[in-house]
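Engineer: With this note's numbering applied, the sequence shown corresponds to residues 3 to 248, in that order.
Here you go, one structure.
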Amino acid sequence: MNDVVLALVTRGMRDLLRARGEVLDERTLRAMVPVSVRTAVQRGSLANRVSTVFAELPVGMDDPVARFADIRAQMAHVKETHGAVAGETLVGIAGFGPPVLLALGARLALRTPQRMINTVATNIPGPQVPLYLAGRRLLEAWPYVMLASTVRIATAIFSYDGFVYFGATGDYDSSPDVGVITSGITAGMAELLALSGATHPAYTWSSSSTTRTASSSAGSSNGSAGSSTSGSPRSRARSSSPPSGA
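Below, the structure written as structure tokens:
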């Protein structure tokens, strides 16, 4: 699933660059991807067990299957060459709550020399059962990653109660068009589903009802209102552009 997530982020970034009229031939964007490097025995200990890998997002590839295959090969290589990360990359971090993991990812982004990366993509698995507070059900959980230094666009992915939520954040001055990314993620999901021949109702995709672009400045949008029914889409996307200097 994590390869698919990065493939969707790649499609979103590709659409953004195309909309800006940039040349994409054989171009890649380097994404910093926070990962857990704890072994099963080490779960429950925070001590510097979150690290990063770098993925070259193939935004210059037009074929969605080729993009996915490229990313899959990269992630397979990471797992083969970093034994401590194998089986943990982007996934095995259920030992801590999502806010803690997002914070750790943000710290890593701040510490990474910004000239080395173009964007940040962090994938946090959340609870797959509905949560309640004072008898009220949490309907949606939208992730947010703060921007750091020269990184002007970041994408956070969070899974909750059978849905995967994508939150794209862009610098207000340099990336007011960040909504193109979420539109690209929506289109990319529909594209991959069509190519896979998925027919199960749980994987039905409806872009008009699931892509939401915040038109005003926004911070964390966790807990925004909404609803889902059987057979509804399994992924949702939202973008936000915090004011410069926020």
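The C-beta atom is built at its ideal place from N, Cα and C for all residues, glycine as well.
Pick out whichever of Q130, V6, E193 and P129 has its Cα sitting closest to the Cα of R74.
Structural biologist: Here the closest residue by C-alpha is V6.
Engineer: DSSP three-state call for I159: helix, strand or coil?
Structural biologist: DSSP places I159 in strand when its eight states are reduced to three.
Engineer: Please determine, among S161, G164, S177 and T184, the residue with the shortest C-alpha to C-alpha distance to A170.
Structural biologist: Of S161, G164, S177 and T184, the residue nearest in Cα terms is T184.
Engineer: Can you tell me where the alpha helix (DSSP H) with I187 in it begins and where it stops?
Structural biologist: Unbroken alpha helix (DSSP H) run through I187: G181 to S198.
Engineer: Is S161 buried or exposed, if buried means 16 or more other CB atoms sit within 10 Å of its CB?
Structural biologist: Buried: at least 16 other Cβ atoms inside 10 Å.
Engineer: How would you call L18, buried or exposed, if buried means at least 16 neighbouring beta carbons within 10 angstroms?
Structural biologist: When all chains shown are included, L18 counts as buried.
Engineer: Look at the alpha carbon of A156 and the alpha carbon of T121, and state the distance between them as a whole number of angstroms.
Structural biologist: Answer to the nearest angstrom: the Cα atoms are 5 Å apart.
Engineer: Please name the residue in G199, V180 and R69 whose C-alpha comes closest to that of A21.
Structural biologist: Considering only alpha carbons, the answer is V180.
Engineer: Pick out whichever of D163, L31, T188 and V35 has its Cα sitting closest to the Cα of A143.
Structural biologist: Closest by alpha carbon: D163.
Engineer: Where does S151 land, buried or exposed, given buried means 16+ other C-beta within 10 angstroms?
Structural biologist: It is exposed - the Cβ of S151 has fewer than 16 other Cβ atoms within 10 Å.
Engineer: Put I119 into one of helix, strand or coil per three-state DSSP.
Structural biologist: I119: coil per DSSP, three-state reduction.
Engineer: Considering V11, what are the terminal residues of the alpha helix (DSSP H) in which it resides?
Structural biologist: N4 to A21 is the extent of the alpha helix (DSSP H) around V11.
Engineer: Check T83 in the structure and name its three-state DSSP category.
Structural biologist: Helix at T83.
Engineer: With the cut-off set at 7 Å, would you say A158 and P145 are in Cβ contact?
Structural biologist: For A158 and P145, yes; Cβs fall inside 7 Å.
Engineer: Can you tell me whether A71 is helix, strand or coil according to DSSP?
Structural biologist: The answer is helix: DSSP assigns A71 an H, G or I state.
Engineer: Is the beta carbon of L10 closer than 7 Å to that of G190?
Structural biologist: Yes, they are a contact pair.
Engineer: How would you label P60, buried or exposed, when you count the other beta carbons within 10 angstroms and need 16 or more for buried?
Structural biologist: The residue is buried, with at least 16 neighbouring Cβ atoms inside 10 Å.
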